[in-house]
Amino acid sequence: SGNSYNKVDAYATIRQDDMASSIAFTVFSRMSAATTPLTDGTEATSTTMTDTKVTLTMAEYGAVITSTSLANIATAGKADLASAELVGVNLGETTDTLGLTVLEAGTNTIAADTAGTLDNLDLREAYTALANAGIAKFPDGRFVAFVNPAQVSDIKGDYITIAQNTDIGQATSGIVGALEGFTIVEDSNVTAGTAVCFGMNALGKAVAMNPMLVIAEGNDNLNRKINVGWHGILKYGVIDQNALRVLTGV
């Protein structure tokens, strides 16, 4: 399965509408604090809800490997197995990259405290910006930061020992620890020198057809070829720019 190669979906708001050409995500503005006492016998002043809609228009994605009967026989059946495995990996890596690409294009950027190095002060500034904007945290009580392996090495010395993850499930999902209010996720699909820090409802994923494995046997007159691939219709997009900070030059 390609799911283990897609780390970003765990932090995306996903909506599916089969066969839809587009899906709208709605972000509602928060109400002001009600600090004025109510007056007995007087109705409370009603507030009109305000919202912003972000529409994601579907796009079609897929990849395929074509092998032959001779290749499969020559490898004792390993060619077909390898094709399926490679396609699954490609599915996960492609969708992960699509999600990270839109996050990296976020409009709220923070320049590195020290050019060429990611440090805890960069994360602290991103955390402060997200917290002051009232952005909701993920169920673990933290925001998330997706970081290239090259930048993870920069901050390893900043980890509090007890905050380093030892849970096998988290470790195999790319989570390497917690720092400055962020769950740190190592992901090689993040552009080196960039880190994306975000909270809930920053990233949206619209799905009209879930990516699936496709096997098409024989497109020649002797059915000697086999096509193994994946195909899906979906779209990633930033739903709330306020819930996203992009660290640059790290």
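Converting from the sequence shown to the working numbering requires adding 284 to each position, the first position being numbered 1. Just so you know, even glycine gets a beta-carbon here, dropped at the ideal spot from N, CA and C.
- DSSP places P433 in the helix class (H, G or I) of the three-state scheme.
- Linking E344 to K519 through their CA atoms gives a straight-line distance of about 8 Å.
- Taking Y295 as reference, the option from D335, L387, T334 with the minimal CA-CA separation is L387.
- In this model, V460 and V431 are separated by some 10 Å (Cα to Cα).
- Each residue's CA atom was taken as its position, placing S306 and A490 some 8 Å apart.
- Counting C-beta atoms within 10 angstroms of its own C-beta, I523 has 16 or more neighbours from the protein chains shown and is therefore classed as buried.
- The three-state secondary structure of N374, taken from DSSP, is helix.
- Burial is judged here by how many other beta carbons sit within 10 angstroms of a residue's own beta carbon; L375 has at least 16 and is buried.
- Straight across, the Cα-Cα distance linking L497 with I517 is about 13 Å.
- With fewer than 16 other beta carbons inside 10 angstroms of its own, D301 counts as exposed.
- It is roughly 28 Å from the alpha-carbon of T331 to the alpha-carbon of T412.
- At the C-beta level, V371 and I349 come within 8 Å of one another.
- Around the Cβ of N473, a 10 Å sphere holds 16 or more other Cβ atoms; the residue is buried.
- For the pair A486 and S437, the Cα-to-Cα distance works out to about 26 Å.
- The beta carbons of A462 and L402 sit no closer together than 8 Å.
- CA-CA distance, N404 to E369, rounds to 38 Å.
- Of the candidates A476, M342, S316, A476 places its Cα closest to the Cα of A399.
- DSSP places A490 in the uninterrupted beta strand (DSSP E) bounded by 487-501.
- In this structure, the straight-line span from the alpha carbon of T297 to that of P321 is close to 37 Å.
- For F466, the closest of K421, G488, G502 by C-alpha to C-alpha distance is K421.
- If you check the CB distance, G390 and L531 do not come in under 8 Å.
- In the structure shown, N404 falls within a helical segment according to DSSP collapsed to helix, strand and coil.
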